[in-house]
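Taking the numbering used here, the leading residue of the sequence shown gets 48, the next gets one more, and so forth. Heads up, the beta-carbon is just placed ideally off N, CA and C, and yes, glycines get one too. See below for the structure under consideration.
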Amino acid sequence: MKIIQINTSINTGSTGRITEDIGKLLLNTGHESYIAAGNTTRPSSSQVIEIGDKWDKRMHGLKTRLFDRHGFGSENATFQFIKEIIRIQPDIIHLHNIHGYYLHIGVLFDYLKQVQTPVVWTFHDCWPFTGHCSFFDRVNCYKWQTACHHCPNLKGYPKSLGFDNSRKNYNEKSKIFNGLENCTIITPSEWLANHVKSSFLRNYQIQCIPNGVDIKTFSPSAESNSIKSKYQIRNTPYILGVANTWDLRKGLKDFEALVHLNDDSYQIVLVGLSNKQIKSLHHNIIGIERTENIFELAALYAGAGAFVNPTYVDNFPTTNLEALACGTPVIMYNTGGSPEAINENTGIVVEKGNITELKNAIEFILSKGKEFYRLPCIERVKKFFNKEDSSNNYIELYKKMLVQ
């Protein structure tokens with residue numbers, strides 16, 4: 048098989064690593080793998096295709112900010128990319144995040160409908176079926192079930208500072224995204240699958256394939272005293288938070304509120320902060336900039352007494368799975384499909400924004416001790432969230448679609 052995957056980035060962040068893992072398995076099983084993206088700065092095992100340049104992405108960003116027309120820039124860049132698709136002649140085109148200031152959805156889908164190459168489309172958020180939002184539950188808005196208008200979340204990604212074109216975007220997306228003859232939509236969570244079934248994309252095949260993690264890299268054996276020494280983490284327990292970008296939706300302020308309720312019995316370690324954010328942290332929060340070193344990240348997961356994920360909007364965070372694979376229990380807000388990652392033996396679900404309940408959950412898990420949770424966490428990931436199983440499920444889906 049010859050497969051092209053399309054995503055915002057390659058081999059970075061959760062979606063970039065997912066595309067890379069699928070590509071590696073394709074290559075290891077004798078197939079051809081191409082990954083096309085707007086951000087191609089990271090190395091890849093697959094053949095890489097860059098879509099657009101910096102100038103194109105800046106203009107797309109400007110169009111989004113001023114006119115709320117995200118996904119309707121990068122017209123010429125998309126035409127150029129289609130020439131590459133025609134040259135390669137793939138058997139399957141696998142879409143991931145097609146937002147991110149690098150693709151024109153109308154141009155792309157006009158081509159897909161013309162050639163009717165089988166399409167797999169993995170939804171990592173809700174942007175494909177809304178008129179603006181990547182996560183509608185940030186503002187508890189369900190207009191997308193009928194027709195978006197007067198968007199209450201214009202400042203949420205992809206941010207618009209000018210017009211509200213949510214109605215126009217919604218109507219055009221509904222027409223653009225429908226009409227593929229052989230398309231299967233994949234969601235990593237049942238939560239998102241149920242929402243897709245209530246959207247204008249309900250007539251496509253919809254299947255759930257949970258995200259997976261590398262259980263060889265993310266494991267309890269990754270724990271290392273050197274990582275504590277490097278970041279001056281005390282020998283007392285610490286709780287860990289990890290994000291690609293820390294903002295309001297990821298719960299940074301909740302950690303800042305939590306530190307004032309802490310009696311100094313544990314430290315808070317946050318990974319993925321900017322240098323500016325680190326400088327403004329409370330003295331009992333250790334801030335670490337974003338790292339592409341997954342071995343160091345695994346060591347931080349494995350050494351933590353608990354992983355805390357107070358994100359307010361998300362689909363099915365891979366960070367939760369990485370923590371579990373390292374034998375670390377997860378405390379999370381009741382957000383999107385997040386609770387599907389754990390059970391009563393591997394973590395605790397807390398209502399959004401309840402800092403007191405968050406504090407109590409941390410103290411409860413730390414009082415039980417890491418050993419109480421370690422084995423159930425590891426076994427749950429091995430059973431449900433092994434990346435080899437996840438990638439294999441995609442390969443089997445490709446084969447099935449080619450014989451339809």
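(request) Starting from the C-beta of threonine 393, find all residues in its chain whose C-beta is less than 8 Å away, skip the five residues before and the five after it, and write them out in chain order. (result) As a first step, residue 393 is located in the sequence shown; it is residue number 346 there, counting from the start. So the list reads Leu371, Pro376, Val377, Tyr420, Pro423, Cys424, Arg427, once near-sequence residues are dropped.
(request) Could you check what DSSP says for glutamine 94 in three-state terms: helix, strand or coil? (result) Locating residue 94 in the sequence shown gives position 47, where the first residue counts as 1. If DSSP states are grouped into helix, strand and coil, glutamine 94 belongs with the strands.
(request) Have a look at the DSSP bridge pairing and note the partners of valine 166. (result) Counted from its first residue, the sequence shown places residue 166 at position 119. Paired residue(s): Ile140, Cys230.
(request) Apply the 10 Å Cβ neighbour rule to phenylalanine 186 and answer buried if 16 or more other Cβ atoms are within range, or exposed otherwise. (result) Taking the sequence shown and counting its residues from 1, the one referred to as residue 186 is at position 139. The question names phenylalanine, but residue 186 in the sequence shown is valine. Label assigned to valine 186: exposed.
(request) Please go through the same chain and pick out, in chain order, the residues whose beta-carbon is closer than 7 Å to the beta-carbon of phenylalanine 431, but skip the five residues on each side of it. (result) Taking the sequence shown and counting its residues from 1, the one referred to as residue 431 is at position 384. Excluding residues within five positions, the ones whose Cβ falls inside 7 Å are Pro257.
(message) Among the candidates Leu72, His330, Arg249, Leu405, whose CA atom is the shortest distance from the CA of isoleucine 280?
(response) The residue you call residue 280 lines up with position 233 of the sequence shown. That would be His330, whose Cα lies nearest to the Cα of isoleucine 280.
(request) Work out the CA separation of tryptophan 102 and tyrosine 149 for me, nearest whole Å. (result) Stepping through the sequence shown from its first residue, residue 149 is reached at position 102. Stepping through the sequence shown from its first residue, residue 102 is reached at position 55. A straight line joining the alpha-carbon of tyrosine 149 with that of tryptophan 102 spans about 10 Å.
(request) Can you give me the Cβ contacts of histidine 242 inside the same chain, cut-off strictly under 8 Å, excluding the 5 residues immediately before and after it? (result) If you number the sequence shown from 1, residue 242 lands on position 195. Around histidine 242: Cys173, Phe176.
(message) Tell me the rounded alpha-carbon separation between valine 458 and phenylalanine 302.
(response) This structure leaves residue 458 out entirely; the chain is present only between 48 and 451.
(message) Please give me, in chain order, every unbroken run of the beta strand (DSSP E) with length at least 3 that falls completely inside the stretch 357-430.
(response) Runs found: 377-380, 394-397.
(message) Do glycine 352 and leucine 444 have their beta-carbon atoms positioned less than 8 Å apart in this structure?
(response) For this step, residue 444 is matched to residue 397 along the sequence shown. For this step, residue 352 is matched to residue 305 along the sequence shown. No. Outside cutoff.
(message) Using the three-state DSSP reduction, which class does asparagine 433 fall into: helix, strand or coil?
(response) The count along the sequence shown starts at 1 and reaches residue 433 at position 386. Secondary structure of asparagine 433 (DSSP, three-state): strand.
(message) At 3 residues or longer, what runs of the beta strand (DSSP E) sit wholly inside the stretch 252-282?
(response) If we require 3 residues or more, the beta strand (DSSP E) runs fully inside the stretch 252-282 come out as 252-255.
(request) List the residues that DSSP assigns as beta-bridge partners of leucine 317. (result) Taking the first residue of the sequence shown as position 1, residue 317 is located at position 270. Note: leucine 317 sits in a beta bridge opposite Gly288, Gly334.
(message) Closest to leucine 227 by C-alpha separation, out of Asn309, Cys255, Ile139, would be which residue?
(response) For the purposes of this step, residue 227 is taken as residue 180 along the sequence shown, with counting starting at 1. Distances from the alpha-carbon of leucine 227 to those of Asn309, Cys255, Ile139 put Ile139 closest.
(message) As a quick exercise: from Ile315, Ala349, Gly99, Gln52, pick the residue whose alpha carbon is nearest that of serine 273.
(response) Indexing the sequence shown from 1 puts residue 273 at position 226. Here the closest residue by C-alpha is Ala349.
(message) On a Cα-Cα basis, can you pick out the residue from Cys230, His117, Leu155 that is closest to lysine 215?
(response) Along the sequence shown, one-based indexing puts residue 215 at 168. The residue with the shortest Cα to Cα distance from lysine 215 is His117.
(request) Using three-state DSSP, classify phenylalanine 224 as helix, strand or coil. (result) Taking the first residue of the sequence shown as 1, we reach residue 224 at position 177. Three-state DSSP puts phenylalanine 224 in a helix.
(message) Closest to tyrosine 285 by C-alpha separation, out of Lys263, Phe247, Glu410, would be which residue?
(response) Your numbering for residue 285 matches position 238 in the sequence shown. When only C-alpha atoms are compared, the closest one is Glu410.
(message) Can you tell me where the beta strand (DSSP E) holding alanine 351 begins and where it ends?
(response) Within the sequence shown, numbered from 1, the residue matching residue 351 stands at position 304. First-last for alanine 351: undefined, no H or E at that position.
(message) For the stretch 145-160 against the stretch 105-114, do three or more pairs of beta-carbon atoms, one drawn from each stretch, fall closer than 8 Å, so that the two count as touching?
(response) When Cβ pairs closer than 8 Å are counted between the two stretches, the stretch 145-160 is seen to touch the stretch 105-114, the count reaching three or more.
(request) Indicate the three-state DSSP secondary structure (helix, strand or coil) for valine 306 in the structure shown. (result) Taking the first residue of the sequence shown as position 1, residue 306 is located at position 259. The answer is helix: DSSP assigns valine 306 an H, G or I state.
(request) Would you be able to state if there are at least three C-beta pairs under 8 Å between the stretch 54-69 and the stretch 80-98? (result) Three or more pairs of CB atoms, one per stretch, sit closer than 8 Å, so the stretch 80-98 contacts the stretch 54-69.
(request) Jot down the residue ranges of each uninterrupted beta strand (DSSP E) in the stretch 51-101, minimum 3 residues, whole runs only, in chain order. (result) Counting whole runs of 3 or more residues, the stretch 51-101 contains the beta strand (DSSP E) stretches 79-86, 94-97.
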